[in-house]
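Notes for the one structure printed next.
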Amino acid sequence: MRPGDRVRVTLPRLPGRTQPRSVTGTLVALLPPVATVAARRDTVTVSLDSVLTFEVSRGRESRERTTAIVG
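This is the structure in structure tokens:
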């Protein structure tokens, strides 16, 4: 995981909500114990201790080859 990677960070749910909250954006910095993510309009810094999941996008998988074989 490097700065510039597209990430989704899932954090515990807020009081009064039923679903955990997530932040999707570009990883700016990963300096334990925190990670900084540039989301749509904000830059969010989260404590790694509070993160439920940390996902890194590997891009979209093309189905072109599968379609060509089946078709």
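Each number in this note's numbering comes from the position in the sequence shown (counting from 1) with 21 added on. Glycine residues also receive a C-beta, built at the ideal position from the N, C-alpha and C atoms.
When the options are compared against residue i, the one with the closest alpha-carbon
i: Gly25; options: Thr39, Pro33 and Val58; result: Val58
i: Asp70; options: Thr39, Gln40, Leu51 and Gly46; result: Leu51
i: Pro53; options: Ser68, Leu32, Val30 and Glu76; result: Ser68
i: Arg61; options: Arg38, Val44 and Thr39; result: Val44
Distance, residue j Cα to residue i Cα
i: Pro36; j: Val49; result: 28 Å
i: Ser78; j: Val28; result: 6 Å
i: Gly9; j: Val55; result: No answer is possible for residue 9: the residues shown for the chain start at 22 and end at 92.
Integer Cβ distance of residue i from residue j, believed to fall under 8 Å
i: Arg23; j: Arg34; result: Wrong, their Cβ atoms sit about 29 Å apart, outside the cutoff.
Residue span of the beta strand (DSSP E) that contains residue i, given as start and end
i: Ala56; result: Val55 to Ala59
i: Val44; result: Arg42 to Leu52
i: Asp23; result: As written in the sequence, residue 23 is Arg, which differs from the Asp given in the question. Segment: none, Arg23 is in no beta strand (DSSP E) and carries neither H nor E.
Residue i Cβ short of 7 Å to the ligand MG heavy atom set
i: Val65; result: No copy of the ligand MG appears in this structure; indeed no ligand is present at all.
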